[in-house]
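Note that the protein sequences, when read in sequence, are chains G and D.
The numbering of the first sequence is this note's numbering, which starts it at 832 and goes up by one.
The numbering of the second sequence is this note's numbering, which starts it at 832 and goes up by one.
Even glycine gets a Cβ: it sits at the ideal position worked out from N, Cα and C.
All values derive from a computational prediction rather than experimental measurement.
Protein chains: 2
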Amino acid sequence: MRDVCGEAGLRAAPPASRRAKNFEYSRMFSGLERSDPKISSTLSSMRVLGIDCGSEYTGFGVVEETADRKLVCRVNGAIKLKSGTPMAAKLEKIFADLTAIIAKYQPEIVAIEDVFYAINVKSALKLGQVRGVAMLAAASSGLQVAEYSPLSIKSAVVGYGRADKHQVQQMVTRLLGLASPPQPTDASDALAIAICHIHTAATTNRYAAVSR
Amino acid sequence: MRDVCGEAGLRAAPPASRRAKNFEYSRMFSGLERSDPKISSTLSSMRVLGIDCGSEYTGFGVVEETADRKLVCRVNGAIKLKSGTPMAAKLEKIFADLTAIIAKYQPEIVAIEDVFYAINVKSALKLGQVRGVAMLAAASSGLQVAEYSPLSIKSAVVGYGRADKHQVQQMVTRLLGLASPPQPTDASDALAIAICHIHTAATTNRYAAVSR
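Structural data, given as structure tokens:
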């Protein structure tokens, strides 16, 4: 497991209410409330673990939206799976590494890509195995899993649903103010998934606040 | 989780050598050695957990081949997954239940179905998630995973690779001397997978013994 971004700004585990099974973004991240500079500094931040599942590399990235709405990368990297290793042993490593990342970086939610097309049945089975174990790592740590289509992720980060991996990597680098692009692209894809969740939660909660 | 067959014949955990990561059936289950009645009673038995992965029901069955080559069912049943439950919670239940079954019935190996055709991509992803978690449950308990195609499983149990679920259920009932057919069919499919592994291991080891 390779990870970068440093550990600056690590904090204690969020309170139980923030790790609750039910989403409560509408109260926590209301866009109307946050736009008020008088109170924005007192609002909670949001920390998300994005996972890009793959049968060779599984990317991960923890992104935090701070109380003043800045996006900060806490860690990113990829779990490399040695070819020739039995699948069960690969899955064991993914589970152990993701569980360790969750314990260390304390995200409040896990976001993963929801893929259900453009690949064949054999690849889908392999990818599904990794996805299952990633979802289990989240659930075992008491975290919800949010799923986003590749179109939603690219639209949220690049503004164009058919963007390629290189474009996603460049935009992730700019949005998070990184010194160099995250490597491999599985890591930048994972960060993009986390950013997508933060954007989506903010939009949902703005809408919820307006509808009240 | 529903299980039947009783707990008769439960024994202590097999020694570490039998739970080793490397297969050593050739020495343990040599067909030539076993055919000698003078020593067959002193030979080890073999206990296999078969798992039939599914996104609604995940069947399981523990089959033991005793030292005198009888096939005995130690437990069988199915883990039912409530529709409407989030996938991550379903996977958490499957993992917990399978881990508990492994701890209680102490199989030496886990056998699962290797499916890679005849289903669409969406189903393959769902099935893959359950498979991944089942394989992780095995690996976390220090057990190897053996995979068999549906054709191999049906051929080993019914003698016909295109047999239907009802035929598999009937043959499993006869082979294991059960009072009634295992229910649901996911449970009988899981027992069939375990029986397939026992047959295959016996054949492999007979061949290995002859080749020596």
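- Leaving aside the five residues that flank Ala970/G on each side, the residues in its chain whose CB is nearer than 8 Å to its CB run, in chain order, Val976.
- Assignment of Ile950/G by DSSP, reduced to helix, strand and coil, places it in the coil class.
- Classified as exposed, Thr916/D has fewer than 16 neighbouring CB atoms from the shown chains inside 10 Å of its CB.
- Its Cα nearest to that of Val946/G, the residue Pro981/G stands out among Pro981/G, Cys1027/G and Val906/G.
- Cβ contact annotation for Lys911/D (same chain, cutoff 7 Å, sequence separation greater than five): Tyr888, in chain order.
- Between the segment 957-964 of chain D and the segment 900-911 of chain D there are fewer than three C-beta pairs closer than 8 Å, too few to call the two in contact.
- Along the segment 954-981 of chain D, the positions whose C-beta sits under 8 Å from a C-beta of chain G are Ala955, Leu956, Lys957, Leu958, Gly959, Gln960, Val961, Arg962, Gly963, Val964, Met966, Leu967, Ala969, Ala970, Ser971, Gln975 and Val976, read in chain order.
- Counting only the Cα atoms, Ile882/D lies some 8 Å from Ala965/D.
- For Tyr888/D, DSSP records a beta bridge to Lys911/D.
- Under the Cβ criterion of 8 Å, Ala931/G is not counted among the residues facing chain D.
- Secondary structure within the segment 963-1015 of chain G: the beta strand (DSSP E) runs of 3 or more consecutive residues, fully enclosed, are 975-979 (chain order).
- Using a CB distance cut-off of 8 Å, Leu912/D does not count as an interface residue toward chain G.
- Under the Cβ distance rule, Ala898/D does not count among the residues neighbouring chain G, no pair being separated by less than 8 Å.
- Membership of Glu939/D in any beta strand (DSSP E) is not indicated, and neither H nor E is assigned to it by DSSP.
- A Cβ-Cβ separation of about 5 Å places Cys1027/D in contact with Tyr979/D under the 8 Å criterion.
- Our two residues, Ser914/G and Ser886/G, have alpha carbons roughly 9 Å apart in a direct line.
- Annotation: Cβ neighbours of Met918/D in chain G (cutoff 7 Å, chain order): Met966.
- From the beta-carbon of Ile950/G, the residues of chain D found nearer than 7 Å are Val952.
- Within chain G, Leu967 have C-beta atoms less than 7 Å from the C-beta of Phe926/D, given in sequence order.
- Proximity of Leu1006/D to chain G, defined by a Cβ-Cβ separation below 8 Å, is not satisfied.
- In the structure shown, the three-state DSSP call for Asp1017/D is helix.
- Contact between Glu939/G and Met877/G is confirmed by a C-beta separation of about 6 Å, below the 8 Å threshold.
- Nearest Cα to Leu929/G within the set Ile950/G, Thr1031/G, Ala1021/G and Lys985/G: Ala1021/G.
- The residue among Leu922/G, Glu944/G and Ile925/G with its C-alpha nearest the C-alpha of Ala1025/G is Glu944/G.
- One finds Gly963, Met966, Leu967 and Ala970 in chain D with Cβ atoms closer than 7 Å to the Cβ of Leu922/G, taken in chain order.
- For Asp883/G, the uninterrupted beta strand (DSSP E) run begins and ends at Met877 to Asp883, by DSSP.
- By the criterion of a C-beta distance shorter than 8 Å, Lys996/D is surrounded in its chain by Thr1016, Ser1019 and Asp1020, once the five residues flanking it on both sides are discounted.
- For Gly973/D, the number of other beta carbons within 10 angstroms of its own is below 16, and it is reported as exposed.
- If you draw a 10 Å sphere on the C-beta of Val1041/D, you find fewer than 16 other C-beta atoms in it, and that means exposed.
- The alpha carbon of Val941/D has as its nearest neighbour, out of Gly892/D, Gly890/D and Leu880/D, the alpha carbon of Leu880/D.
- Spatial neighbours of Ala934/G in its own chain (CB-CB distance under 8 Å, excluding positions within 5 residues in sequence) are listed in chain order as Ser972.
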